[in-house]
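Report on the following structure.
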Amino acid sequence: MDPEVASDIVALMGKELKSCRKTIRRLETEVKEARLVEADCNERVAAAEHAMALLNRNITDVCEENRQLRAQVEDLKEEKRVKKEEEQGQIHGILRSNSEVSSDCSTENDDVTDDDEYTQKLRDALLKYFSKYKSQKIAIKELVDTSTELENRNSKIKEENTALLESVDRARKRQDELTRAITGLQESLQEVIPKSFAEILGYMSSREKINLPQTQHLLPIARYRRDFDLREFLKVDCGMPSVASESLFAWGRFAWCSDDHHTGVIIGPMYSYDLVKKRWSQRKCFEELYGQTYQLFFDDGSFVYYAGRYTALGLRPLHAGGVDLPAKGMSSRALAELSLSSDGFKRIDNERPRNMFTDDVADLYLDGILKVECLGLQLVDSGEELYSRLSGRFESLNDRKEQQSGSRPVRDGSWCHSKRQRLS
Numbered sequence: 001m002d003p004e005v006a007s008d009i010v011a012l013m014g015k016e017l018k019s020c021r022k023t024i025r026r027l028e029t030e031v032k033e034a035r036l037v038e039a040d041c042n043e044r045v046a047a048a049e050h051a052m053a054l055l056n057r058n059i060t061d062v063c064e065e066n067r068q069l070r071a072q073v074e075d076l077k078e079e080k081r082v083k084k085e086e087e088q089g090q091i092h093g094i095l096r097s098n099s100e101v102s103s104d105c106s107t108e109n110d111d112v113t114d115d116d117e118y119t120q121k122l123r124d125a126l127l128k129y130f131s132k133y134k135s136q137k138i139a140i141k142e143l144v145d146t147s148t149e150l151e152n153r154n155s156k157i158k159e160e161n162t163a164l165l166e167s168v169d170r171a172r173k174r175q176d177e178l179t180r181a182i183t184g185l186q187e188s189l190q191e192v193i194p195k196s197f198a199e200i201l202g203y204m205s206s207r208e209k210i211n212l213p214q215t216q217h218l219l220p221i222a223r224y225r226r227d228f229d230l231r232e233f234l235k236v237d238c239g240m241p242s243v244a245s246e247s248l249f250a251w252g253r254f255a256w257c258s259d260d261h262h263t264g265v266i267i268g269p270m271y272s273y274d275l276v277k278k279r280w281s282q283r284k285c286f287e288e289l290y291g292q293t294y295q296l297f298f299d300d301g302s303f304v305y306y307a308g309r310y311t312a313l314g315l316r317p318l319h320a321g322g323v324d325l326p327a328k329g330m331s332s333r334a335l336a337e338l339s340l341s342s343d344g345f346k347r348i349d350n351e352r353p354r355n356m357f358t359d360d361v362a363d364l365y366l367d368g369i370l371k372v373e374c375l376g377l378q379l380v381d382s383g384e385e386l387y388s389r390l391s392g393r394f395e396s397l398n399d400r401k402e403q404q405s406g407s408r409p410v411r412d413g414s415w416c417h418s419k420r421q422r423l424s
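Each step along the sequence shown adds one to the number in UniProt numbering, with nothing skipped, and position 250 is 250.
This is how it looks when you write it as C-alpha cells:
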C-alpha cells in the first residue's frame with residue numbers, strides 16, 4: 001500500500017475515533033440526564049397517585065357529611081313546621097281565653113290580678129318561642145352555607161382530580177418516551193464501545209498526544225534475565241529509590257499502541273484463584289493505579305529499556321466483562337502466575353511465583369475462558385535525563401567488560417520503532 005494513502009487512512013480513522021469518543025461522551029450525558037428525568041417523573045407520578053387517593057377519600061367523606069347535613073336540615077324543617085302549628089294553636093286558644101276574660105272584666109273585678117299574671121306568662125312564652133325560632137333560623141342558614149361551601153369544595157376537588165389524572169397520563173407517556181430513548185442510547189453505546197483488544201489498541205492510539213520529541217533508537221539500560229528485578233536494580237545498582245517506587249514494568253504483558261511510542265497497554269487478570277479456599281474471585285488489579293504517573297520500563301526478551309513517564313488510564317469501563325488474550329505478543333504464563341499469586345494484584349513488576357497449576361491456568365487464558373483487563377498508558381514526559389543516565393551507565397559497564405575480557409561483548413541492543421512490539 002502507498003505510504004501516503006496509508007497515512008491518509010490512518011488520519012481518517014483517527015478522526016472517526018475522535019468522533020466516536022465525542023459521541024460516547026454525549027450519549028453518556030444524555031443517558032444520565034434521561035435517568036434523572038425518569039426518576040423525577042416517577043416521583044411525580046407517585047405523588048400524583050398519592051394525592052388522588054387522598055382526594056378520593058376526601059370526596060367520599062364530604063359527600064357523606066353533605067348527606068347528613070341535608071337530612072338534618074329536613075328534620076329541622078319538619079320539626080319547625082310541627083312546632084309552629086302547635087304554638088299557633090296555643091296562641092289562638094290563649095287569645096280566645098283573653099277575649100273571654102276581657103268581656104267578663106266588668107263583672108269579675110276580683111279576678112284582675114289573676115288575668116295580669118296569665119298575660120305576663122303568655123308574653124314570656126311568646127318571647128321564648130321567638131328567641132328559639134330565631135336561633136333555629138340562624139342554625140339553618142349556617143347549615144345551608146356549610147352545604148354550599150362543601151359542594152364548591154367538592155367541585156374544586158373533582159377539577160383538581162381531573163387535572164392530576166391528565167398530569168399522570170402525560171408523565172407516563174413521558175416515562176415511556178424516556179425508556180425508549182434510554183434503550184436506544186444503550187444500544188448506541190454498545191455499538192461504539194470497544195469489544196476486543198485490537199479495538200482498545202485503536203482507541204488508545206487515537207487519543208490526543210502531547211508534543212514531545214521521541215528518540216528513534218532507544219538504547220538498553222540492562223540485560224534482561226528470567227530473574228531480573230527492576231526495582232532492586234534501580235535501588236541497589238543505580239541508587240535510585242525514588243525512581244524504583246515509581247517504576248512500572250510488566251514482563252510479557254505490555255504492548256505499544258502506536259509507532260510514535262506515545263501510548264501503550266498493560267494487561268492483567270480479571271480473576272484470581274485462592275489456593276487455600278480453592279475458589280475464583282473477581283478483582284480489579286489496576287484500580288489503584290488510575291490517574292497516577294509512573295516511569296515506564298519494557299523489555300524485548302534480551303534487553304530492558306526505559307520509555308519515559310506515563311500516566312495510567314483506567315480502561316475497565318470500556319470492557320467491563322474483559323477481553324480475550326491476544327493471539328500474539330502476550331505471555332499467558334505471566335498472567336497465570338499473577339492469577340495464582342496471593343499479592344500479585346498489588347505488583348506489576350517482574351516477580352513471578354512458581355505454582356504447579358500455572359500451565360493449566362495459562363491454557364484457560366489461551367482458550368479464551370479467562371478474560372484479561374487492560375490499563376492504558378499515555379506519555380507525559382520523555383524523561384531524557386533519566387534515560388541518558390541509565391543508558392550511559394549500561395554502556396560504561398559494557399566498556400569495562402570489554403577492557404577486562406579483551407573482546408567486545410555483544411551489546412547490539414539499540415531498539416528501533418520499526419521493530420517494536422505491535423498487536424493488531
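For every residue, glycine included, the Cβ atom is placed at its ideal position computed from N, Cα and C.
Give me the Cα-Cα distance between residue i and residue j, rounded to the nearest whole angstrom.
{"i": "A312", "j": "L234", "result": "21 Å"}
{"i": "A71", "j": "E85", "result": "21 Å"}
{"i": "L315", "j": "L370", "result": "18 Å"}
{"i": "T183", "j": "Y273", "result": "36 Å"}
{"i": "E77", "j": "E65", "result": "In the sequence as presented, Glu is not what sits at residue 77; that position holds Lys. Going by the C-alpha atoms only, they are around 18 Å apart."}
{"i": "E395", "j": "E385", "result": "15 Å"}
{"i": "V112", "j": "V73", "result": "Its pLDDT being 48, under 50, V112 is placed unreliably by the model, and nothing is read from it."}
{"i": "S388", "j": "L379", "result": "18 Å"}
{"i": "E160", "j": "R153", "result": "10 Å"}
{"i": "R354", "j": "S281", "result": "With a pLDDT of 49 at R354, under the threshold of 50, the modelled position of this residue cannot be trusted; read the value that follows with caution. Approximately 20 Å, taken between the alpha carbons."}
{"i": "M13", "j": "D227", "result": "41 Å"}
{"i": "R81", "j": "D169", "result": "53 Å"}
{"i": "C63", "j": "N56", "result": "11 Å"}
{"i": "E43", "j": "S167", "result": "13 Å"}
{"i": "C20", "j": "F357", "result": "42 Å"}
{"i": "E151", "j": "A53", "result": "19 Å"}
{"i": "G301", "j": "S331", "result": "12 Å"}
{"i": "R352", "j": "E246", "result": "Because R352 sits at a pLDDT of 46, beneath the cut-off of 50, its placement in the model cannot be relied upon, and the following sentence gives the value as read from the coordinates. Looking at the two C-alpha atoms, the distance is approximately 19 Å."}
{"i": "D343", "j": "E49", "result": "In this prediction, D343 has a pLDDT of 49, which is less than 50 and means its spatial position is unreliable; what the coordinates show is noted afterwards. Each residue's Cα considered, the two are about 55 Å apart."}
{"i": "I140", "j": "K173", "result": "49 Å"}
{"i": "Y224", "j": "R400", "result": "19 Å"}
{"i": "L143", "j": "R67", "result": "12 Å"}
{"i": "D75", "j": "K134", "result": "17 Å"}
{"i": "R393", "j": "K278", "result": "47 Å"}
{"i": "D61", "j": "A171", "result": "29 Å"}
On the premise that residue j lies in contact with residue i, defined as a C-beta separation below 8 Å, what is that separation, rounded to the nearest angstrom?
{"i": "R309", "j": "Q295", "result": "6 Å"}
{"i": "V372", "j": "L340", "result": "About 15 Å; that fails the 8 Å criterion."}
{"i": "residue 456", "j": "H261", "result": "The structure shown has nothing for residue 456, since the chain only spans 1 to 424."}
{"i": "V276", "j": "M204", "result": "V276 to M204, Cβ: 37 Å. No contact."}
{"i": "L377", "j": "T263", "result": "6 Å"}
{"i": "A51", "j": "L164", "result": "6 Å"}
{"i": "C257", "j": "L201", "result": "5 Å"}
{"i": "L219", "j": "E38", "result": "58 Å between Cβ atoms; not a contact."}
{"i": "T148", "j": "L69", "result": "That pair is no contact at about 10 Å."}
{"i": "L318", "j": "G268", "result": "Contact flag wrong, Cβ pair sits at about 15 Å."}
Identify the continuous alpha helix (DSSP H) that holds residue i and give its terminal residues.
{"i": "I200", "result": "F197 to S205"}
{"i": "A320", "result": "It is not in any alpha helix (DSSP H) - A320 carries neither H nor E in the DSSP assignment."}
{"i": "A362", "result": "T358 to L366"}
{"i": "residue 448", "result": "What the structure shows of the chain is the stretch from 1 to 424, and residue 448 is not part of that stretch, so it cannot be assessed."}
{"i": "R333", "result": "S332 to S339"}
Please say whether residue j and residue i have beta carbons closer to each other than 8 Å?
{"i": "Y271", "j": "L325", "result": "no"}
{"i": "residue 427", "j": "R253", "result": "This structure cannot settle anything about residue 427, because the visible part of the chain is limited to 1 through 424."}
{"i": "S206", "j": "V323", "result": "no"}
{"i": "L248", "j": "F297", "result": "yes"}
{"i": "I24", "j": "I157", "result": "no"}
{"i": "S382", "j": "I221", "result": "no"}
{"i": "C41", "j": "Q175", "result": "yes"}
{"i": "G329", "j": "A250", "result": "no"}
{"i": "Y129", "j": "E87", "result": "yes"}
Between which two residues does the beta strand (DSSP E) carrying residue i extend?
{"i": "E373", "result": "V372 to D381"}
{"i": "Y273", "result": "Y271 to D274"}
{"i": "D299", "result": "T293 to D299"}
{"i": "F254", "result": "F254 to W256"}
{"i": "S281", "result": "R279 to Q282"}
{"i": "Y310", "result": "F303 to G314"}
Taking three-plus beta-carbon pairs below 8 Å as touching, is the region 15–34 in contact with the region 170–182? yes
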